[in-house]
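Undergrad:
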Amino acid sequence: MASTGGGSSYLVTFVGGLVLLTAATSWAFWRVTAGEVRRSAAEYKAKRAPRVVVPPPPPVVVVEPDTTPTWQPDPAAALADTVFMLRSQGRLAEALQALERWLARYPADSPFRLSAARLAFEVPERPRGIGHYKLYLTRVPDRTVTREAVERIVREMPADQVRAALATLMDVDGDDFVVRIALARATLQAGDAEAVERLLRPVPPRFDPDVDAMRLQARRALVASLPEAERWVAEYPEEPVYRLALARALLRERRGVEALAEYRRGVLADSSAQVREEMADAALMADSLEVASALLRGVLAEDSTRVGALLALGRARARLGDGRGAVDAFERVLALAPDESRFAEARGVLFEVDDPASTLPLLRRLVAWRPLDDVLRLRFAQDLERTQAFGESEAQYDTLLARSPSAPTQLARARVRSTRGDLAGALADAAASEAREPTVDAALLQADIHRWRDERALARDAYGRARRLAPADPRVAEGWRLLAVQRRRALASVPAYGSVARAGGLGDSDGYGAFTVRGQHGEAPFAGEAIVTVGAESRWVQGRGVPTRQGWGGDVGVAWLSGRLALEARAGAVQFEGSGPKLAARLEAVHRSAGFTARGVLAQEPAYETLRAATAVRPDSVLGGTSALGSISAALTPRMEAYAQADHVRLGDGNSRSVLQGTARYALAGPVGVLYAAGVATFGQGTLAYWSPSLFATQGLGLDVRHARPAGLSIGARVVPAYAWIREDAPGKPPGTTTSLQVNLSFEAVWRREGWEVGAFAGYGQDRSGTYAAGNGGLRVRATW
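Heads up: the sequence shown runs through residues 0 to 784, numbered per numbering that gives the first Met the number 0.
Take a look at the structure:
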C-alpha cells in the first residue's frame, strides 16, 4: 500500500506541473504574436470589405544629408603603387623621394625603410642607402639584411669609400661579426695591418678560416710586443709565423735562450737569411756561440756581403777565444765597407780579443788611409792607451792637440801621462783641460795626483771643485774618502795625534826611582792637518835619603804636517809639592823620506830624569835644563842602517852636558842583525849632586833582533856588551881614567791594528862605573780612530 500511494502522488505532481508549464508557454507566445495576429486579421477584413479608392496625399520629399564616406585607396598601398609606377617608368630618384617623405612622417616603418635603402643604392645615392640600412637594422636586427648591406657596399662602392661606409654600420654589427670582418678585409687591402689587428681582436680565434687567414697576413707585417706575441702563440700554438714573432719579441727583450728556442720553431715559416741572422743574434745572447757561428757561416755562404752577419761572426769568434777568426771577420767588414762607422762598430768587439798584435794593424791602416780624420786618430790613440802602448798613444794625442786643441783631448793625454809617471805633465794637461771646459774628470784627475803626491791641501781644493761640479758623483765621494784615509794615516804617523796613555819608570842601584803617568789627547779639528794637543801627567821621584815627592803637570800644544816635515810645539808647567811651577816646553821637527829621517828638538824640562838624581827636585825648586838635540837615521844599503844623535843640555845650576852617540846595524838573516854601538858624554864641571863625569865613552858589539810589521805584533830585542872609559873630576872621586865592562839589554813589543797601538818596553843597563845598574820599563797605549 505504501508503494502505491507514493506512485500516485508523484503522477499527480507531474501532471500538474506539465499543465502549468503549458499555460505559461501559451501566454508568452500570445504576448509575442498577438499584435501580428491582429494585424493579419485586420488585413483579411480589409480585403473582404468593398474597396474605397482614396487619393493619396501629395508626396512629401525629405532630403537628408549623405553620410556615406567617399572611397579612397589605402595610403601604404597607394605609396607602394606609386613607387612601383615610378620604378617602372625609370624615375628612381622620384620614387626614393616619395619613400623618404613617407619615412619622414613614419620613421618606424621598417619595410619602406628597407625599400628606401635598396632604392638608394640603385639611384645611386649610396651614402643615403647606408643611412637607411643602418636605421632599419637599428630597429630590426636582421643578419640577412646586414649581409645584403655589406655585400652591396663592397660590391657597388668605390674602394676608397668602402672602409668609411662599413665603419658606419659597426654599431649594428652582431655576434657573427659580418660588418667587422668585411671592414677588416677592406682595411687589409688598404695595407693598414695594425688597424686589422685591432678590428679582429673581438673575433675569437678559429671563428672563421678566412678571419684566421686575414689575421695571419696582417700579423706578418706587425712588430709585436712580447705580451702580444705570447697571446698570438697561445691562440695558434701550431702556427710558426707567430712563433717567429714571439722569438723576435724575446730577442728585443734580450732573453736569448727563450728566443733561440722560438726561432727554432719559427724558422719553419721563414728560413730566409735575415731570420737566420736574427737567430744567430739570439744564439750569441744565449751564449750558444758555436750555434751562432754555424748559422752565420751559412748566411755568409749564400751572401758574403752581409756586413751584419760578418760583425756578428766576429763577436762570436772573439768570445770563443778564436782571435784569428774574429780578426778575419772584421777585416772582411772593412774590406767591404772601409768607413769609420763600420770600424767604430767593429772596434769595440775587437778588444774582446786578447790579441792586440792582430787588431792594432787594422787601426793603423785606417789611420794611414785617413790621416786627417781626427775622430779616427782619437780612436787609435784610445786603443793604443787601452793596450798599454802609452808612448805611441801620447804621440797620437800630441798630433791631435797640435792640430785641434780641445779639453777632452788634453784630459786624455793627461791620463796617459799620469799612467807613464809624468805627474807634472799630467797636472798641467788636466789643469789646461779644466781651464778650457770645467769637468769633474779634469778636477778629479788633479785631485788624485795631488793625493798621490801627498799634497793634501791641493787635493782638497781639487776635490772641492769636483764636488761642486758633480755633487752626486760616486768617484768624488770615493776621492774624499781616500783623502780622509790618507790624512788619518798621515796624522797617525805624528805621535801627537790620537789619545795616548803612558806609564813608565826607572830605578837604579843608587836608590833613585822615578815614575810618570801621562795622558794626552791630540785632535785635528780643522780642514787642514794641524793637531791640537792637551796633556796632563803625574810624577813621583825618590832617592837614597830623599823622601818621595809627587808632582803634576799639564801642557797644551800644536802639531802639524807640512809635506814630509812634521812639526810639534808644546808648552806647560810641572810642579812638585812644596815648590813652584817649572816651565816645560818642547819644539820638535821631524823630516821623513824613503830610507832617511832627520829630527831636531829644542826643549825646556826638569832635569832629574836624565840626571837620575832625586836631589834635583828640592823642596823649594826643581832643577831644569834647556836642551838641543839632533838625530839622523838612514838606510845606507839594503842591509846596513845607521843612526847618530847629538844633544847638549844647559842645566839650571850652570852646568852643562854634551852627548854624542850612534849605532850601526847590519842585517844577517831574517830578523837578526849585528849591532855596533858607541857613545861619548861629558859634563862641563863635576859635582857631587849628581853623576857628572868629565868623560864617559863606550863602545860595544851585540845582537839586534827586530821583527816589525805595520799591523799585528812587532818585537825587538838587543843584547850589547860594551866597554866603557870613565873619568870623573868631582871632589872625592878617584883621579884618572877607569874602565868597566858593561852589558845593556832591552826589549820592546808593539801590537798594532787600525786605530790602535799598544806597546811595552823594558831594559837593563850597566852604563856608569863600578857596580852601578839600572832598570826601566813602561807601557804605552794609543788610539787613533
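For each residue, glycine too, the CB sits at the ideal point set by N, CA and C.
With 16 as the cutoff for other CB atoms within 10 Å, does Pro734 come out buried or exposed?
TA: For the purposes of this step, residue 734 is identified with residue 735 of the sequence shown, where counting begins at 1. Under this definition Pro734 is an exposed residue.
Undergrad: Ordered along the chain, which non-local residues of its own chain (more than five positions away) have a Cβ less than 6 Å from that of Asp663?
TA: On the sequence shown, position 664 is the one that residue 663 refers to. At residue 663 the sequence reads Ala, which differs from the Asp that was named. If we look at Ala663 and ignore the five residues flanking it on each side, its Cβ neighbours are Ala641, Tyr675.
Undergrad: What first and last residue would you give for the alpha helix (DSSP H) that runs through Gln188?
TA: Start at 1 with the first residue of the sequence shown, and residue 188 comes out as number 189. Taken as a continuous stretch (DSSP letters only), the alpha helix (DSSP H) holding Gln188 covers 177–188.
Undergrad: Would you mind sorting Tyr496 into buried or exposed? The rule is 16 or more other CB atoms within 10 Å of its CB.
TA: Translated into positions along the sequence shown, residue 496 becomes position 497. Answer is buried; the Cβ neighbour count reaches 16.
Undergrad: Could you work out which residue in Ala465, Gly506, Glu536, Gly512 is closest to Val499 when comparing CA atoms only?
TA: What you label residue 499 is simply residue 500 of the sequence shown in a count that begins at 1. Nearest of Ala465, Gly506, Glu536, Gly512 to Val499, Cα basis: Glu536.
Undergrad: Check whether the segment 694–707 and the segment 622–630 are in contact - that is, three or more C-beta pairs closer than 8 Å.
TA: By the Cβ criterion, the segment 694–707 is not in contact with the segment 622–630, since fewer than three pairs of Cβ atoms, one from each stretch, lie closer than 8 Å.
Undergrad: Tell me the DSSP bridge mates of His520?
TA: Within the sequence shown, the letter at position 521 stands for residue 520. Within the DSSP bridge table, the entry for His520 names Ser498, Val533 as partners.
Undergrad: Taking Gly776 and Gly503 to be in contact with their CB atoms under 8 Å, please state how far apart those CB atoms are, rounded to whole angstroms.
TA: Residue mapping note: residue 776 aligns to position 777 of the sequence shown, counting from 1. Residue mapping note: residue 503 aligns to position 504 of the sequence shown, counting from 1. Contact flag correct, Cβ pair sits at about 7 Å.
Undergrad: Contact defined as beta carbons within less than 8 Å: I believe Val326 pairs with Ser357. What is the distance between those atoms, to the nearest angstrom?
TA: By one-based count along the sequence shown, residue 326 stands at place 327. By one-based count along the sequence shown, residue 357 stands at place 358. Contact flag correct, Cβ pair sits at about 4 Å.
Undergrad: Opposite Gly255 in the DSSP bridges: which residues?
TA: Translated into positions along the sequence shown, residue 255 becomes position 256. Paired residue(s): none; Gly255 is not in a bridge.
Undergrad: Considering only their Cβ atoms, is the gap separating Gly550 from Gln574 smaller than 8 Å?
TA: As a position in the sequence shown, residue 574 is number 575, starting the count at 1. As a position in the sequence shown, residue 550 is number 551, starting the count at 1. Contact: yes.
Undergrad: So, helix, strand or coil for Thr304, using DSSP?
TA: Start at 1 with the first residue of the sequence shown, and residue 304 comes out as number 305. Here Thr304 sits in coil by DSSP.
Undergrad: Excluding sequence positions up to five away, which residues of its chain have a Cβ less than 7 Å from the Cβ of Arg543?
TA: Working through the sequence shown from its first residue, we reach residue 543 at position 544. Correct list, in chain order: Asp509, Gly510.
Undergrad: Which whole-angstrom value describes the C-beta separation of Gln445 and Ala429, a residue pair presumed to lie in contact below a C-beta threshold of 8 Å?
TA: Within the sequence shown, numbered from 1, the residue matching residue 445 stands at position 446. Within the sequence shown, numbered from 1, the residue matching residue 429 stands at position 430. For Gln445 against Ala429, the beta-carbon gap comes to about 5 Å, under 8 Å, which counts as contact.
Undergrad: With burial defined as no fewer than 16 other Cβ atoms inside 10 Å of the residue's Cβ, what is the status of Thr736: buried or exposed?
TA: By one-based count along the sequence shown, residue 736 stands at place 737. Counting Cβ neighbours within 10 Å, Thr736 comes out exposed, since fewer than 16 surround it.
Undergrad: Thinking C-beta only, is Leu744 closer than 8 Å to Ala759?
TA: Taking the sequence shown and counting its residues from 1, one reaches residue 759 at position 760. Taking the sequence shown and counting its residues from 1, one reaches residue 744 at position 745. For Ala759 and Leu744, no; Cβs fall outside 8 Å.
Undergrad: Closest to Arg364 by CA distance: which of Arg385, Leu333, Ala394, Glu393 is it?
TA: Looking up residue 364 in the sequence shown gives position 365. If we check each option's Cα against that of Arg364, Leu333 comes out closest.
Undergrad: Flag this pair as yes or no: are the beta carbons of Ala584 and Arg569 separated by less than 8 Å?
TA: On the sequence shown, residue 584 is found 585 positions in, with the first residue counted as 1. On the sequence shown, residue 569 is found 570 positions in, with the first residue counted as 1. Contact: yes.
Undergrad: Can you tell me which of Pro337, Arg242, Val161 puts its alpha carbon nearest to the alpha carbon of Arg125?
TA: Position 126 of the sequence shown, counted from the start, is the residue given in the question as residue 125. Checked all of Pro337, Arg242, Val161; the closest Cα to Arg125 is Val161.
Undergrad: Quick check: Leu225 and Val274, are their CB atoms within less than 8 Å of each other?
TA: The count along the sequence shown starts at 1 and reaches residue 225 at position 226. The count along the sequence shown starts at 1 and reaches residue 274 at position 275. Not closer than 8 Å, so no.
Undergrad: Check whether the Cβ atoms of Ala315 and Ala291 lie closer than 8 Å to each other.
TA: Position 316 of the sequence shown, counting from 1, holds the residue named residue 315. Position 292 of the sequence shown, counting from 1, holds the residue named residue 291. Cβ atoms of Ala315 and Ala291: closer than 8 Å.
Undergrad: Can you grab the Cα-Cα spacing for the pair Arg467 / Ala406, in whole Å?
TA: Taking the first residue of the sequence shown as position 1, residue 467 is located at position 468. Taking the first residue of the sequence shown as position 1, residue 406 is located at position 407. Those two C-alpha atoms are separated by around 19 Å.
Undergrad: Let me make sure I understand the geometry here. Which of Glu155, Ala189, Ala192, Arg200 has the alpha-carbon closest to that of Phe176?
TA: By one-based count along the sequence shown, residue 176 stands at place 177. Closest by alpha carbon: Arg200.
Undergrad: If you draw a straight line from the alpha carbon of Leu118 to that of Gly128, how long is it in whole angstroms?
TA: For the purposes of this step, residue 118 is identified with residue 119 of the sequence shown, where counting begins at 1. For the purposes of this step, residue 128 is identified with residue 129 of the sequence shown, where counting begins at 1. Taking the straight line joining both Cα atoms gives about 7 Å.
Undergrad: Roughly how far, in whole angstroms, is the beta-carbon of Leu712 from the beta-carbon of Ala668, given that I think they are within contact range, below 8 Å?
TA: The residue labelled residue 712 in the question sits at position 713 within the sequence shown. The residue labelled residue 668 in the question sits at position 669 within the sequence shown. Actually they are not in contact, since the Cβ atoms of Leu712 and Ala668 sit about 20 Å apart, beyond 8 Å.
Undergrad: Please tell me whether Leu221 and Val240 are closer than 8 Å, where the distance is taken between their beta carbons.
TA: Position 222 of the sequence shown, counted from the first residue, corresponds to residue 221. Position 241 of the sequence shown, counted from the first residue, corresponds to residue 240. No, Cβ-Cβ distance for Leu221 and Val240 is not below 8 Å.
Undergrad: Taking DSSP as the reference, what is the three-state secondary structure of Thr686?
TA: Taking the sequence shown and counting its residues from 1, one reaches residue 686 at position 687. Thr686: coil per DSSP, three-state reduction.
Undergrad: Just how far apart, CA to CA, sit Arg649 and Ala612?
TA: Counting from 1 along the sequence shown, the entry for residue 649 is found at position 650. Counting from 1 along the sequence shown, the entry for residue 612 is found at position 613. Our two residues, Arg649 and Ala612, have alpha carbons roughly 16 Å apart in a direct line.
Undergrad: Is Met213 near Ala185, with beta carbons less than 8 Å apart?
TA: By one-based count along the sequence shown, residue 213 stands at place 214. By one-based count along the sequence shown, residue 185 stands at place 186. In this structure, Ala185 does not lie closer than 8 Å to Met213 by Cβ.
Undergrad: In this structure, how does DSSP classify Asp209 when only helix, strand and coil are distinguished?
TA: For this step, residue 209 is matched to residue 210 along the sequence shown. Correct three-state label for Asp209: helix.
Undergrad: What are the start and end residues of the alpha helix (DSSP H) that includes Asp841?
TA: No information on residue 841 is available, as it lies outside the stretch 0 to 784 that the chain covers here.
Undergrad: If distances are taken between C-alpha atoms only, which option among Gly463, Ser561, Trp724 comes closest to Trp479?
TA: Here residue 479 refers to the residue found at position 480 of the sequence shown. The option with the nearest alpha carbon to Trp479 is Gly463.
Undergrad: Could you give the first and the last residue of the continuous alpha helix (DSSP H) run that contains Trp479?
TA: Here residue 479 refers to the residue found at position 480 when the sequence shown is read from its first residue. Its alpha helix (DSSP H) spans residues 473–491.
Undergrad: Along the chain, where does the alpha helix (DSSP H) that runs through Ala166 open and close?
TA: Position 167 of the sequence shown, counted from the first residue, corresponds to residue 166. 158–167 is the extent of the alpha helix (DSSP H) around Ala166.
Undergrad: Identify every run of the alpha helix (DSSP H) within the segment 600–676, keeping only runs that are complete inside it and at least 4 residues long; order them along the chain.
TA: 607–610
Undergrad: By how many angstroms is the C-alpha of Ala666 removed from the C-alpha of Arg638?
TA: In the sequence shown, the residue the question calls residue 638 occupies position 639. In the sequence shown, the residue the question calls residue 666 occupies position 667. Approximately 5 Å between the Cα atoms of the pair.
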